[in-house]
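Colleague:
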Amino acid sequence: MLNPISVAFIKAKQENRPALLTYTVAGDSSKKQSLNILKSISKNADILEVGVPHNTPVADGSQIQTSAYRAIKNGIKVNDIFKIVKDFKKFDKNKPIILMGYYNMIFQYGENKFLNKCKSSGVNGLIVVDLPWPENKDFAKKCKKKSIYFIQLLSPTTTKIRLKKIIKDSHPMSYFISMLSTTGGKLKVSPKDIIDNYIKIKKINPKKKVVIGFGITEKTIDKLKSADGLVVGSAICKEISKSLKHRQNPVTNVSNLVKKLKSKIL
Amino acid sequence: MKLKKGIPVIDQGNKLGFWGGKFGGNFVPETLKKPIEDLEVLFNKLKKDKKFIQERDKYFKNWIGVPTRFIKLENLTKHVGGAQIWSKVVSDANGGAHKIYNATVHCLLAKRSGKKVICGDTGAGYAGKMLSMAAKKFGLRCKIFMGAKDIVRQQPNVKAMKKNGAEVVPVYSGSQTLVDAVSECMRFWVANCDTSAMCVGSTVGPAVFVRICGWSTSQISRELKVQLIDEFGSIPKKLKLYNCVGGGSSSFGFWNEFMDYDKKQCEFIGVEAGGPAKSKKHAAPLTYGSKIGILHGAAQYVNQNPDGQIEETESISAGLDYPGISPLHCFLKDTKRARYTAASDEQALEAYKLVTRFEKLKPSLEPSHAFAVAIAESKKLSKDTIVVVNSCGDAYKDRGILEKRLGKKYVKSN
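Here the protein sequences line up with chains A and B, keeping their order. Note that this note's numbering gives residue 207 to position 207 of the first sequence, counting from 1, and the numbers run on in steps of one. Note that this note's numbering gives residue 247 to position 247 of the second sequence, counting from 1, and the numbers run on in steps of one.
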């Protein structure tokens, strides 16, 4: 059976648009609410990235940090995250889910135990921010055995030789970081430059899917729509924070935001 | 796991930067892979380059003012009545602490790589103060990340940084201490690694930073070795080197040159921050058996909960208030080359009182932890045992805390 992540890309391609990937933090602002957010955005999002909150996130900007600290403060544990995924899959079993987080959480849980739990709860892919190539080779192989995509990160600082080596080892989906920034930074390079870099990566192996993330918002998303997929994270986390601040329902507001994002790439 | 002889410990990591196969490494975002590799290439080249070593030694001598004193604490020795207690007064160094060595080397490296800005983290404020001094000296712009809580409790150093023209960025996330300052500094580097150099303030972080810092602070033990031979004719038969351990930069530097001696002759004792006596929180992962985890790019023993969230620490000493510990010290612990223990806030304060009562020396709260254990153990040791405590920082920065905890007259009279 084809990994639902690949199915999502095929579907988007048929509709002549990039896949829309959303990132929300598990347990933000509560376990129940984060599940409801996932359910409400699954209509418009093609792939759901679910953040595993960590309290020393070295690559995240303030928006995602705020979401992560809020979720941890509200008591989220790794096992709760698997439960959220499992409950979501009961609601929409074909929607692909990617867990994104930092390696210490996996290391403490135990790599094998973590992957077994991913499998049984329905996780389809993993992004581990601080486990770069080649350090991730063994873990990526373990993921492959479980038919879970290990998603390699690529950056503007990744050299050409390194790009080739990573793409060679990569699974069907990789993630290109648009610019030198933590998550949620203001887009400081032109969309054209980002797409130029993206094309260079695609040329190495056109069959493998590459999504672009970091700094993508309502305002910038349409300029990048020639990519295989686009990730929006901080903008969504910001929407949750804003909703809470104004005592509005984050579920409705985030759902509307994702709908708007989708409309921009059609 | 084995410590090799004849090879510097900083060079005993494997290809991926792991000491003993499991401590250290490079758990970093992809964006930092290239800048870290560039720094590794540069450092590996320059540490073998005679001209670079000459340049380093020139600044160490003329600007930092090495060697720092090695003195006998006669009165304290008499009072304690056991081993001979000596001190390596590293706080003599320009700026008042050992952090100046690492800061200077990082600025020299930054100049060589053509970077215009250098960013750094700080806890007690010493790493930040020294980096701001060195940046000013070498014409680099300087940005210092510091926990908001530390900014309040280490004001003298904050003022010094600003005076040197550095931008001090308060960090409000998490516990608002060193751990968050390091995270924020790494985030800044992720976003600015094309134009900025990063200086990690201790022997922590991705492997190359551990190595650069250990290489820089080793100046301390190079001097001490010469001073011991000058004083005793040879390395004493019973030598014990006490040092506080937070991230572990001063202790590693204090021990490095003695690594190959048998530990029966030359024992290393690392003293971690045990925190307030009544609190369960501490900053002593080695003493209290914390599990291995990943923090700031490196695998190490670290205070964390079962899920892998890094735990908050508590210590009177901002410089030791860090949940992790250098991979080098994890390696020295597991190979049993060094012994680690902890002193509480109260024990450190008592030691400060005792040292300042008997000697013309004002160790900051960090080395006061080392003095606490050294004094307690010296009582039971023979008179021919040479105990050396690294007084790696000056108490000037702790005036506020000391005044609050020990009373005004105490601080003034000293």
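Where a beta carbon is used, it is the ideal one built from N, C-alpha and C, also for glycine. The structure displayed is predicted, hence computed values, not measured ones.
Which first and last residues belong to the beta strand (DSSP E) in which Tyr340/B is found?
Modeller: Run containing Tyr340/B: 338-343, per the beta strand (DSSP E) assignment.
Colleague: In chain A, what lies closer than 8 angstroms to Ile294/B by C-beta?
Modeller: By Cβ distance, chain A contributes Tyr102, Tyr103, Asn104, Phe107, Asp130.
Colleague: Using only CA atoms, which one of Asp334/B, Ser317/B, Thr341/B, Lys5/B lies nearest to Arg153/B?
Modeller: Minimum Cα distance to Arg153/B is reached at Ser317/B.
Colleague: Across the segment 4-17 of chain B and the segment 24-37 of chain A, are there enough close Cβ pairs to call them in contact, namely three or more that are closer than 8 angstroms?
Modeller: With a cut-off of 8 angstroms, the segment 24-37 of chain A and the segment 4-17 of chain B do not count as touching, because too few Cβ pairs lie within range.
Colleague: Enumerate in chain order the residues of its own chain whose CB-to-CB distance from Val171/B is below 7 angstroms, with the five nearest sequence positions on each side excluded.
Modeller: So the qualifying residues of the chain are Phe145, Met146, Gly147, Ala148, Asp180, Ala181, Glu184.
Colleague: So which residues of chain A does Pro170/B contact, with C-beta pairs closer than 7 angstroms?
Modeller: Result: empty, since nearest Cβ-Cβ is about 13 angstroms, beyond 7 angstroms.
Colleague: Find the nearest neighbour of Asp271/A within the set Ser155/A, Gln63/A, Thr56/A, judged by alpha-carbon distance.
Modeller: Past the edges of chain A, shown from 1 to 266, lies residue 271/A, and the structure says nothing about it.
Colleague: Candidates Lys116/B, Ile36/B, Ala273/B, Tyr301/B: which alpha carbon is nearest Ser326/B's?
Modeller: It is Tyr301/B whose Cα lies nearest to the Cα of Ser326/B.
Colleague: Taking only beta carbons into account, state which residues of the segment 238-264 of chain A come closer than 7 angstroms to chain B, listed in chain order.
Modeller: Listed in sequence order: no entries.
Colleague: Got a sec? Which residues, its chain only, sit under 7 angstroms from Asn414/B by beta carbon, not counting five neighbours each side?
Modeller: Because Asn414/B carries a pLDDT of 46, less than 50, the predicted location of this residue cannot be relied on, and the following value inherits that uncertainty. Only Thr356, Lys362 meet the Cβ criterion.
Colleague: Mind checking if Lys31/A is an interface residue toward chain B, Cβ cutoff 8 angstroms exclusive?
Modeller: Closer than 8 angstroms: no.
Colleague: On the three-state DSSP scale, how would you describe Gln265/B?
Modeller: Looking at Gln265/B - three-state DSSP - the assignment turns out to be coil, as it is neither helix nor strand.
Colleague: Can you find the residues in the same chain that come closer than 7 angstroms, C-beta to C-beta, to Lys86/A, ignoring five residues on each side of it along the sequence?
Modeller: Only Ser121, Gly122 meet the Cβ criterion.
Colleague: To the nearest angstrom, how far is it from the Cα of Trp19/B to the Cα of Asp334/B?
Modeller: Their Cα atoms are separated by approximately 11 angstroms.
Colleague: Starting from Tyr69/A, follow its DSSP beta bridges and name the residues at the other end.
Modeller: For Tyr69/A, which the question treats as bridged, DSSP gives no partner whatsoever.
Colleague: Within the chosen definition, does the segment 125-132 of chain B reach the segment 196-203 of chain B through at least 3 CB pairs nearer than 8 angstroms?
Modeller: Cβ pair count under 8 angstroms is three or more, so yes.
Colleague: Would you call the segment 39-58 of chain A and the segment 16-31 of chain A touching, i.e. three or more CB-CB distances under 8 angstroms?
Modeller: With a cut-off of 8 angstroms, the segment 16-31 of chain A and the segment 39-58 of chain A count as touching, because enough Cβ pairs lie within range.
Colleague: Put Pro96/A into one of helix, strand or coil per three-state DSSP.
Modeller: Coil at Pro96/A, not helix or strand.
Colleague: By a C-beta neighbour count over all protein chains shown, 10 Å radius and 16 as the cutoff for buried, is Gln14/A buried or exposed?
Modeller: Under this definition Gln14/A is an exposed residue.
Colleague: Thr385/B and Tyr340/B look like a contact to me (Cβ under 8 angstroms); what is the Cβ gap, rounded to whole Å?
Modeller: In fact, because the Cβ distance is near 20 angstroms, the residues do not count as touching under 8 angstroms.
Colleague: According to DSSP, is Arg17/A helix, strand or coil?
Modeller: Arg17/A: coil per DSSP, three-state reduction.
Colleague: Could you name the residues of chain B that Tyr77/A contacts, counting a contact when the two beta carbons are closer than 7 angstroms?
Modeller: Here residue 77/A is Lys; the residue named in the question, Tyr, does not match the sequence. Near Lys77/A (Cβ distances below 7 angstroms), the residues of chain B are Asp307.
Colleague: Check distances from the C-beta atoms of the segment 164-191 of chain B to those of chain A and list, in chain order, the residues that come in under 7 angstroms.
Modeller: Here the close residues are Ser173, Gly174, Val179, Ser183, Met186, Arg187, Val190, Ala191.
Colleague: So, for Asp92/A: in the same chain, excluding its five sequence neighbours on each side, which residues have a beta-carbon less than 8 angstroms away from its beta-carbon?
Modeller: So the list reads Lys39, Ser42, once near-sequence residues are dropped.
Colleague: For Tyr109/A, name the three-state secondary structure that DSSP assigns.
Modeller: Here Tyr109/A sits in helix by DSSP.
Colleague: Which same chain residues end up closer than 6 angstroms to Ala197/B when comparing Cβ atoms and leaving out the 5 residues on each side of it in sequence?
Modeller: Answer for Ala197/B: Ala110, Lys115, Ile118, listed in chain order.
Colleague: Counting only the same chain and skipping the five closest in sequence on each side, list residues whose C-beta sits under 7 angstroms from that of Thr182/A.
Modeller: Here the set comprises Ala59, Asp60, Gly61.
Colleague: Could you tell me which residues DSSP puts in a beta bridge with Ile37/A?
Modeller: None, per the DSSP bridge assignment.
Colleague: In chain B, which residues lie less than 7 angstroms from Ser155/A when you measure between Cβ atoms?
Modeller: What Ser155/A touches in chain B: Glu30, Thr31.
Colleague: Taking 8 angstroms as the threshold (beta carbon to beta carbon), is Gly185/A in contact with chain B?
Modeller: It does; some Cβ of chain B falls within 8 angstroms.
Colleague: For chain C, check one thing: does any of its Cβ atoms lie closer than 8 angstroms to the Cβ of Val189/A?
Modeller: Included in the structure are the protein chains A and B, with no chain C among them.
Colleague: Quick one: does Val58/A have its CB under 8 angstroms from some CB of chain B?
Modeller: Yes, Val58/A lies at the interface with chain B (some Cβ there is under 8 angstroms from its Cβ).
Colleague: With respect to the beta strand (DSSP E) encompassing Asp121/B, which residues constitute its N-terminal and C-terminal limits?
Modeller: Element bounds for Asp121/B: 117-122.
Colleague: Answer yes or no: does any C-beta atom of chain A fall closer than 8 angstroms to that of Pro35/B?
Modeller: Chain A contact via Cβ: present.
Colleague: What is the C-beta distance between Cys392/B and Ser250/B, in whole angstroms, given that I count them as a contact (C-beta under 8 angstroms)?
Modeller: Between Ser250/B and Cys392/B the Cβ distance is about 4 angstroms, and since that is below 8 angstroms, they are a contact.
Colleague: What's the gap between the Cα of Asp121/B and the Cα of Lys89/A?
Modeller: Between Asp121/B and Lys89/A, the C-alpha separation is close to 43 angstroms.
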